[in-house]
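Peer 1: Can you read through this structure? Questions will come right after.
Protein chains: 8
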Amino acid sequence: MNTEQLQHLLTALAEGRATVEETMGRLQRFPMDVVLRQGQVVARIDTHRAVRHGFPEVILAQGKRYADLRVVVERALGHGTDLLITRLSGKRRRRLCAEFADLRVAGQSRCVYRQVEERAGIGLVGVLCAGTSDIAVAEEAAWVARLLGARVECFYDAGVAGLHRLLSAGELLRSAQVFVVVAGMEGALPSVVGGLVDKPVIAVPTSVGYGASWQGVSALLGMLNSCAANVTVVNIDNGFGAGYVAGLINRGAAG
Amino acid sequence: MNTEQLQHLLTALAEGRATVEETMGRLQRFPMDVVLRQGQVVARIDTHRAVRHGFPEVILAQGKRYADLRVVVERALGHGTDLLITRLSGKRRRRLCAEFADLRVAGQSRCVYRQVEERAGIGLVGVLCAGTSDIAVAEEAAWVARLLGARVECFYDAGVAGLHRLLSAGELLRSAQVFVVVAGMEGALPSVVGGLVDKPVIAVPTSVGYGASWQGVSALLGMLNSCAANVTVVNIDNGFGAGYVAGLINRGAAG
Amino acid sequence: MNTEQLQHLLTALAEGRATVEETMGRLQRFPMDVVLRQGQVVARIDTHRAVRHGFPEVILAQGKRYADLRVVVERALGHGTDLLITRLSGKRRRRLCAEFADLRVAGQSRCVYRQVEERAGIGLVGVLCAGTSDIAVAEEAAWVARLLGARVECFYDAGVAGLHRLLSAGELLRSAQVFVVVAGMEGALPSVVGGLVDKPVIAVPTSVGYGASWQGVSALLGMLNSCAANVTVVNIDNGFGAGYVAGLINRGAAG
Amino acid sequence: MNTEQLQHLLTALAEGRATVEETMGRLQRFPMDVVLRQGQVVARIDTHRAVRHGFPEVILAQGKRYADLRVVVERALGHGTDLLITRLSGKRRRRLCAEFADLRVAGQSRCVYRQVEERAGIGLVGVLCAGTSDIAVAEEAAWVARLLGARVECFYDAGVAGLHRLLSAGELLRSAQVFVVVAGMEGALPSVVGGLVDKPVIAVPTSVGYGASWQGVSALLGMLNSCAANVTVVNIDNGFGAGYVAGLINRGAAG
Amino acid sequence: MNTEQLQHLLTALAEGRATVEETMGRLQRFPMDVVLRQGQVVARIDTHRAVRHGFPEVILAQGKRYADLRVVVERALGHGTDLLITRLSGKRRRRLCAEFADLRVAGQSRCVYRQVEERAGIGLVGVLCAGTSDIAVAEEAAWVARLLGARVECFYDAGVAGLHRLLSAGELLRSAQVFVVVAGMEGALPSVVGGLVDKPVIAVPTSVGYGASWQGVSALLGMLNSCAANVTVVNIDNGFGAGYVAGLINRGAAG
Amino acid sequence: MNTEQLQHLLTALAEGRATVEETMGRLQRFPMDVVLRQGQVVARIDTHRAVRHGFPEVILAQGKRYADLRVVVERALGHGTDLLITRLSGKRRRRLCAEFADLRVAGQSRCVYRQVEERAGIGLVGVLCAGTSDIAVAEEAAWVARLLGARVECFYDAGVAGLHRLLSAGELLRSAQVFVVVAGMEGALPSVVGGLVDKPVIAVPTSVGYGASWQGVSALLGMLNSCAANVTVVNIDNGFGAGYVAGLINRGAAG
Amino acid sequence: MNTEQLQHLLTALAEGRATVEETMGRLQRFPMDVVLRQGQVVARIDTHRAVRHGFPEVILAQGKRYADLRVVVERALGHGTDLLITRLSGKRRRRLCAEFADLRVAGQSRCVYRQVEERAGIGLVGVLCAGTSDIAVAEEAAWVARLLGARVECFYDAGVAGLHRLLSAGELLRSAQVFVVVAGMEGALPSVVGGLVDKPVIAVPTSVGYGASWQGVSALLGMLNSCAANVTVVNIDNGFGAGYVAGLINRGAAG
Amino acid sequence: MNTEQLQHLLTALAEGRATVEETMGRLQRFPMDVVLRQGQVVARIDTHRAVRHGFPEVILAQGKRYADLRVVVERALGHGTDLLITRLSGKRRRRLCAEFADLRVAGQSRCVYRQVEERAGIGLVGVLCAGTSDIAVAEEAAWVARLLGARVECFYDAGVAGLHRLLSAGELLRSAQVFVVVAGMEGALPSVVGGLVDKPVIAVPTSVGYGASWQGVSALLGMLNSCAANVTVVNIDNGFGAGYVAGLINRGAAG
């Protein structure tokens with residue numbers, strides 16, 4: 585809840601339009617839809633952002649039993665807003681889409697989504713990745729940005745040991761408002777892209793690699809130490825966060 | 585050099601307006617001003633960005649001998665563009681300002697700068713920090729953003745163990761286009777700010793702390809694992825990078 | 585064995601009421617009930633604390649084969665004291681409860697327990713957690729504190745990126761004698777709670793998270809570096825230890 | 585600020601006894617005394633706790649310039665409450681005591697303090713340490729607990745490789761409400777003390793050691809993995825935090 | 585091959601009793617029995633030590649396929665010396681004993697062995713461990729020492745949080761020539777034992793624990809930083825190495 | 585693409601023999617053969633090196649589904665060049681060889697290969713390893729070097745705790761142009777070999793070991809800190825990279 | 585205090601020859617000589633071992649102020665037993681020897697010592713080190729072993745990259761009862777020595793090196809993962825501990 | 585000593601041309617020149633390689649007192665071979681050159697050298713570095729390679745965030761036999777160079793950077809995880825080792 589809304593609540597209270605108890609209640613119940621199954625809490629959907637235009641509801645499927653997940657999805661679909669469900673296995677993706685006709689598979693990401701009304705994306709978000717193993721994370725970023733209203737273009741398999749591949753992405757590098765760059769192993773691609781563009785670059789390390797890559801540590805450190813000044817970093821494999829921030833930046837620049 | 589410029593070079597070559605040798609030469613010499621002292625290279629100033637409107641030249645003073653630094657600053661001032669010199673000790677700040685009348689001390693940061701013409705900042709960048717020891721890093725971010733054309737407001741000493749302090753920053757939290765949030769120790773402030781706003785938050789871990797803070801590792805991990813989706817992270821103590829990206833985002837949103 | 589008991593033994597020996605051999609024997613056998621299966625030791629139940637009023641016997645099920653566990657539980661139930669069995673899978677919880685009618689499932693924790701006589705808890709222990717994935721660890725703490733005689737109230741899913749949720753826990757924050765605060769990822773909740781209360785806060789990092797959370801390292805470091813002075817920390821996922829210490833503190837304050 | 589105070593503010597607003605502006609102002613200014621020197625903020629003293637009975641003001645001297653520290657101390661002494669200044673070098677301890685007659689050196693800790701009125705401590709806090717190099721940290725804990733109103737007894741140099749030393753502390757082990765146990769190197773003393781007592785034990789790892797002690801990592805890990813259930817842990821060398829929590833627990837138990 | 589044997593070879597060559605080729609051959613073939621299965625090398629048994637009195641052959645079963653292991657064991661049994669096979673699952677222990685009548689299960693360790701002739705052990709090796717989960721590693725040490733000719737006595741489940749248990753091991757602590765002390769979690773037991781005896785103590789950290797024990801790191805660091813001067817350390821879970829060195833020391837002292 | 589080829593492209597453009605569009609196209613399509621299955625990219629084979637004499641195409645099988653792998657192999661075999669497929673399980677090795685008659689199993693490595701025409705290797709690459717568990721990685725290096733045209737000799741199971749074994753490899757140590765030395769655990773073999781030869785030694789740490797070997801960290805650090813000046817290091821288990829570089833060095837020396 | 589002495593105390597108490605108070609007192613005062621300076625404890629000398637034949641008193645100088653150290657040394661010299669003072673700078677070594685005529689510099693170690701009566705050492709301890717930078721640590725081990733009664737022979741600068749040097753130490757390798765092997769960087773020497781001898785090898789990692797040696801981590805890990813079964817390890821730079829254990833083993837074997 | 589020399593020794597012994605004692609002596613004294621000062625060993629110069637054509641003697645100055653260094657240098661100059669002294673401060677460089685007229689400063693490295701006779705280098709070694717702070721390490725590599733007989737060309741300040749700089753090094757990238765690539769921070773340059781050339785690339789991480797670069801860890805991991813197959817790695821800041829191996833490879837290819 586932001587300060588503006590707090591001020592409204594306080595003003596209503598000050599002007600006698602609300603009681604102390606009502607005000608306390610509003611603070612407590614408003615931005616949360618609690619979902620129960622067999623009498624126990626299985627999720628608290630944050631409706632805080634979703635009720636405003638252009639923000640989807642998001643459900644992290646990882647770590648939820650299917651029975652719980654099913655109940656949560658059903659409830660969320662009832663809210664009538666855009667919806668994104670992340671980190672699903674192939675089997676659970678298929679099962680959810682079979683049960684709920686509104687859901688669509690989001691490309692090669694591990695997500696499904698429901699978009700209430702088709703609309704043309706605005707601005708442009710560029711999503712690049714270094715190897716074919718990084719595609720699932722990159723796609724997660726791309727689809728999150730799309731649900732935040734962005735037009736998104738992707739360019740995959742652009743590892744730094746074959747720089748000629750990047751040259752063919754010249755148009756994309758020239759026109760996007762913000763970039764998401766995904767890489768495992770040594771994580772050098774964001775530095776190279778950062779040196780070629782004048783826009784923010786959000787770097788996503790992935791757990792791709794072996795030996796001394798230590799499940800993404802190597803890529804993470806490479807990105808934090810980037811010699812390009814326009815690079816910021818998110819957690820390992822956090823395509824969702826990168827796409828979310830890219831969507832916010834793109835909305836600011838193109839809105 | 586971006587793809588557009590490359591295409592211009594190739595077209596000139598294709599149309600006979602330039603030779604292969606000239607083209608190779610352009611690729612080689614253009615975006616770099618090499619500074620020598622006593623016949624040895626002491627810096628290669630990247631004029632690539634600085635020649636375009638609104639980007640300052642930046643000199644990292646750390647690790648340079650004063651004699652070398654002095655030559656580089658003199659040359660950079662001759663380019664006639666905005667200039668920022670970062671990571672200076674108090675002694676070197678005073679010495680540089682005494683030698684070059686154009687330079688100004690940048691608040692409580694460890695930087696000095698030259699701004700060719702005063703101009704009102706556009707948009708709004710919010711810079712917050714958790715403790716008084718984090719101020720130097722926060723100020724570095726603030727001044728970089730200012731030189732990129734942003735209006736900047738700062739709110740310092742807002743640690744999460746005293747949340748009532750954040751409430752008084754309500755106006756700032758409501759109106760900025762992007763936030764830089766600086767914190768050492770457990771690094772929790774960006775998560776709290778991220779939960780209160782709908783704009784991008786750039787988190788800067790600092791090396792402030794003792795014991796198991798390990799010179800910023802604790803703050804860095806806390807920020808990478810933030811439960812707020814709108815947080816990205818830069819390297820420990822990297823106020824410069826955070827201010828740079830914040831300036832880019834603000835320019836996109838307010839330009 | 586504490587010093588008081590040692591002094592009793594020595595005095596009995598000094599006054600001729602006991603022999604050296606008897607004294608040595610007492611030192612050796614007293615506080616330990618050795619359980620055998622097929623001639624091999626499967627557990628040594630520490631009866632040291634359990635024989636005194638208000639301390640339950642505790643059995644850590646993790647790492648024990650079911651056949652061994654079954655024998656140990658049977659023996660422990662025979663001691664006639666309160667009993668807690670921790671870290672059980674759902675399957676083993678059901679199997680134990682089917683075999684031993686005295687055992688009850690302890691809420692959403694992974695524990696079962698036997699309480700010899702119902703009694704109203706004294707004082708108040710507040711147990712909070714940041715996300716739904718932290719509930720199992722929080723419940724373990726809650727039930728350990730209950731068996732140590734405390735009244736316990738829980739408030740779950742109070743992550744720092746949605747601070748408005750904490751406001752509704754005002755009554756609990758005002759009245760408890762001690763708090764257990766459980767969190768994964770960046771582990772910031774104990775700092776925020778610590779800043780709101782004047783009572784001890786016991787922080788429990790959990791292994792919840794992904795990427796650079798490294799199975800709880802991030803949360804652990806965040807809590808050790810807390811800027812709130814009233815926070816102490818236990819091992820990752822150690823709900824048992826946190827509940828135990830909270831029970832001791834509550835007993836001291838309310839006893 | 586706690587929930588009770590928030591409710592008072594809201595009620596005053598609801599009953600027309602305060603305006604929205606006044607309420608916002610109270611939230612902003614109340615618990616903070618801002619200290620300036622030469623027009624720049626040098627400290628914000630948290631008067632939040634100090635104004636209530638029995639809590640001292642605390643100033644962390646480490647990282648402050650003496651000129652700044654001097655101004656802050658002067659201001660704090662003017663508040664008329666108990667005061668503790670931590671992490672001072674020997675030279676600065678002497679200098680402060682020479683300038684301010686009210687200040688006293690706090691034993692072998694690196695602190696000085698002012699106590700407004702002598703009062704007998706209540707309850708009992710036991711402070712133990714493993715080696716002579718750990719004494720400064722142990723003393724910091726002891727003096728913080730004293731300023732929180734506790735009676736404190738210390739027992740130093742009780743390393744686990746000479747267990748006979750611990751036997752002579754039998755009376756202390758039997759009668760204290762809570763223990764602070766300080767150790768470097770392998771950090772085993774808290775486990776041993778924890779096994780001998782039925783009260784909470786707060787473990788403080790120190791940076792004492794060499795080689796694979798890595799400035800306290802070894803002791804910290806040893807304490808987090810303690811096999812005694814009544815042990816909680818604070819940051820490396822954080823005698824202040826341990827003494828603070830011990831004082832809170834002792835106050836609860838003896839108050 | 586040691587220097588004495590090298591000198592014999594050189595002398596034979598010098599006196600014409602051997603050719604250069606023969607000497608090279610001796611160097612190459614002597615201390616190694618190569619075992620093949622289906623034309624590929626599956627093991628090279630080091631017969632170097634085993635041919636001398638009192639050293640068993642040792643086969644590390646971990647990582648070998650059963651078919652390969654079976655061939656190696658058959659060959660080794662043919663050498664007619666004592667034999668120890670380590671790190672076997674329960675299933676493979678039973679299968680090997682069923683196939684080879686000479687093999688015996690070595691207590692609660694994961695080993696089987698063949699001892700050519702029963703002989704009374706000499707000297708005394710004391711093997712202690714902290715918890716019941718450490719027993720398998722402790723037993724591995726005990727049986728290795730026995731096969732090196734030692735008399736061995738074991739005392740298990742002597743954790744430092746219940747020191748009274750150690751008192752009943754007084755006779756063992758007083759009479760052994762060398763101790764193997766096994767512990768997981770905080771790894772404090774070797775320090776305590778080391779302070780009670782005047783003989784070498786070989787500490788074995790185990791991977792027992794959870795959370796910040798990091799599969800034995802915590803115990804390993806605790807032991808390396810032991811404040812007792814008579815403690816040396818081996819790798820995590822390396823009961824074999826500890827028993828081997830203890831056997832050597834015992835043989836030196838009792839031989 | 586190297587500079588020479590770039591210059592050819594530019595010259596063709598300058599002389600009117602190519603258009604800008606053609607040149608951009610060449611840059612984009614040339615060195616990459618994109619393989620699709622069911623309309624989605626499953627691999628981009630880098631034909632850049634393979635088209636030149638003596639470099640095989642290489643396919644990393646790890647992480648690919650069999651259906652995808654099968655399509656990629658089929659396509660690659662169609663290129664008519666040498667081919668190497670690495671990191672295959674035994675089951676997939678057999679399945680591939682059954683489907684494609686041209687493929688051969690590469691010794692004890694986890695690779696299969698196709699060599700278009702038999703040719704005698706040139707020069708000499710020596711491949712050594714410390715234990716039998718390191719053989720798979722060593723063989724991968726050996727077969728990569730063979731496909732790069734080298735004659736390769738292997739010497740396995742030469743651990744530093746039995747130095748007499750190395751003596752029998754005297755001829756190999758004297759005559760190879762370059763060495764690949766593979767070791768797990770303490771990783772000391774490359775230092776010993778490095779001290780015996782005057783040629784480059786490429787050290788490969790393996791993940792063989794337990795406890796504080798941490799999946800190859802111990803061996804990796806040992807090799808990076810080698811006291812022999814002629815040792816360089818590759819990633820843990822990276823037999824492919826070591827064999828590749830050894831093949832390049834051997835080609836330079838023997839070509 | 586060992587169990588035998590405890591039994592004597594208990595028997596005296598049981599037979600009326602001692603009171604409870606006397607017994608408690610004996611437990612408390614016996615093995616400790618407390619040294620004060622200006623009314624504060626500066627050291628507690630452990631006389632426990634030193635009063636028995638053949639064990640020196642040991643004072644760790646590191647971290648003590650000279651004034652304190654001087655008082656402690658004076659007191660210790662008064663006990664009339666052998667004395668060793670470790671970890672002294674060159675300046676403090678000279679100063680102590682100037683003040684106390686009985687003290688002698690212990691070779692190239694950083695120690696001084698007093699030996700009450702010259703006696704021929706018994707048995708043989710072999711001390712080896714890998715490089716000249718490791719000599720100070722090796723000498724510390726050698727002199728500790730000498731004061732424990734051992735004959736000691738040293739062989740320095742025997743790094744594994746020049747194995748021919750080790751051959752000249754054949755006589756020492758053949759005849760010592762126990763070895764101390766000191767090495768920095770990759771720490772491989774103990775494995776090589778361990779493979780050549782049938783006696784215990786105590787490995788001492790040193791902080792010698794740079795880069796990825798991380799102040800001895802690399803050597804420590806190498807030694808813990810040694811493939812030789814007769815190697816145990818002490819803390820980084822802990823020459824004292826290695827010499828102490830070697831002295832104990834040698835005494836057992838040669839006594 | 586290599587196997588060939590060993591065989592010569594053995595043959596001489598076999599043919600009666602040498603005695604066993606002589607042979608032992610040769611093994612012991614041959615490849616080592618021991619330097620004493622005031623009766624203590626200050627260095628053992630390895631003459632093993634230096635006596636053969638084209639290998640310089642190398643003295644590591646770091647960690648040596650100047651008086652010792654001076655004696656060693658004097659002795660080494662007397663051997664009449666090429667000489668390299670590494671890791672000297674500016675002050676010691678000047679002092680050595682003043683005392684010994686034969687010594688020359690080696691460019692911007694921290695080395696001095698003596699070359700007995702000028703000779704044209706053979707082949708070509710390319711040395712590149714990413715930033716101006718990496719130049720000292722790069723120059724160390726360059727001068728070592730020169731003393732091993734190589735022609736060396738350098739190209740500095742070619743960071744990956746400004747790829748256009750690399751284009752101007754096209755001739756060097758096309759013609760060198762082997763590359764040394766030096767970089768700090770994210771260490772990405774070797775991957776990029778590795779993708780552009782078909783020759784071996786030796787990557788040198790440097791300790792340049794701040795924050796999460798951890799004195800070269802970030803660059804080291806980036807290089808170990810390089811996606812280019814022709815990259816091998818040496819220790820952090822180990823310009824010497826990289827230049828040494830590059831010199832060996834170049835000699836093999838060009839000799």
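Protein chains in written order, with this note's numbering: chain A, 585 to 839; chain B, 585 to 839; chain C, 585 to 839; chain D, 585 to 839; chain E, 585 to 839; chain F, 585 to 839; chain G, 585 to 839; chain H, 585 to 839. Note that beta-carbon positions come from the ideal geometry of N, C-alpha and C, so glycine has one too.
1. Residue 773(G): which of 756(G), 761(G), 797(G), 807(G) sits nearest, CA to CA?
2. Where does residue 695(E) fall in DSSP's three states?
3. Mind checking residue 664(E): buried by the 16 CB within 10 Å criterion, or exposed?
4. What residues from chain G crowd round residue 761(E), counting only those whose CB sits closer than 8 Å?
5. To the nearest whole angstrom, what separates the beta carbons of residue 789(G) and residue 767(G), a pair I think is in contact under 8 Å?
6. Buried or exposed: where does residue 753(G) fall if 16 or more other Cβ atoms within 10 Å of its Cβ makes it buried?
7. Assuming residue 777(G) contacts residue 712(G) (C-beta within less than 8 Å), just tell me the rounded distance between them.
8. Whole-angstrom Cβ separation of residue 825(F) and residue 819(F), contact assumed at under 8 Å?
9. Against chain F, with Cβ distances strictly below 7 Å, would residue 570(E) count as a contact?
10. Can you name the residues that DSSP bridges to residue 787(H)?
11. Taking all protein chains shown into account, decide if residue 670(H) is buried (16 or more other Cβ within 10 angstroms of its Cβ) or exposed.
Peer 2: To lay it out plainly:
1. As a first step, residue 773(G) must be located in the seventh sequence, where it is residue number 189. Here the closest residue by C-alpha is 807(G).
2. Within the fifth sequence, numbered from 1, the residue matching residue 695(E) stands at position 111. Coil at residue 695(E), not helix or strand.
3. Position 80 of the fifth sequence, counting from 1, holds the residue named residue 664(E). So residue 664(E) counts as exposed.
4. For the purposes of this step, residue 761(E) is taken as the residue at position 177 of the fifth sequence. Those are 836, listed as they occur along chain G.
5. As a position in the seventh sequence, residue 789(G) is number 205, starting the count at 1. As a position in the seventh sequence, residue 767(G) is number 183, starting the count at 1. That belief holds up - the Cβ atoms of residue 789(G) and residue 767(G) are roughly 7 Å apart, short of 8 Å.
6. For the purposes of this step, residue 753(G) is identified with residue 169 of the seventh sequence, where counting begins at 1. Buried: at least 16 other Cβ atoms inside 10 Å.
7. Taking the seventh sequence and counting its residues from 1, one reaches residue 777(G) at position 193. Taking the seventh sequence and counting its residues from 1, one reaches residue 712(G) at position 128. Yes, residue 777(G) and residue 712(G) are in contact; Cβ-Cβ is about 6 Å, under 8 Å.
8. What you label residue 825(F) is simply residue 241 of the sixth sequence in a count that begins at 1. What you label residue 819(F) is simply residue 235 of the sixth sequence in a count that begins at 1. With 8 Å as the limit, residue 825(F) and residue 819(F) qualify as a contact, their Cβ atoms being about 7 Å apart.
9. The displayed coordinates of chain E run from 585 to 839. Any statement about residue 570(E) would go beyond what the structure contains.
10. In the eighth sequence, the residue the question calls residue 787(H) occupies position 203. Answer is 765(H), 817(H), bridged to residue 787(H).
11. Residue numbering aside, residue 670(H) sits at position 86 when the eighth sequence is read from its first letter. Per the 10 Å Cβ criterion, buried.
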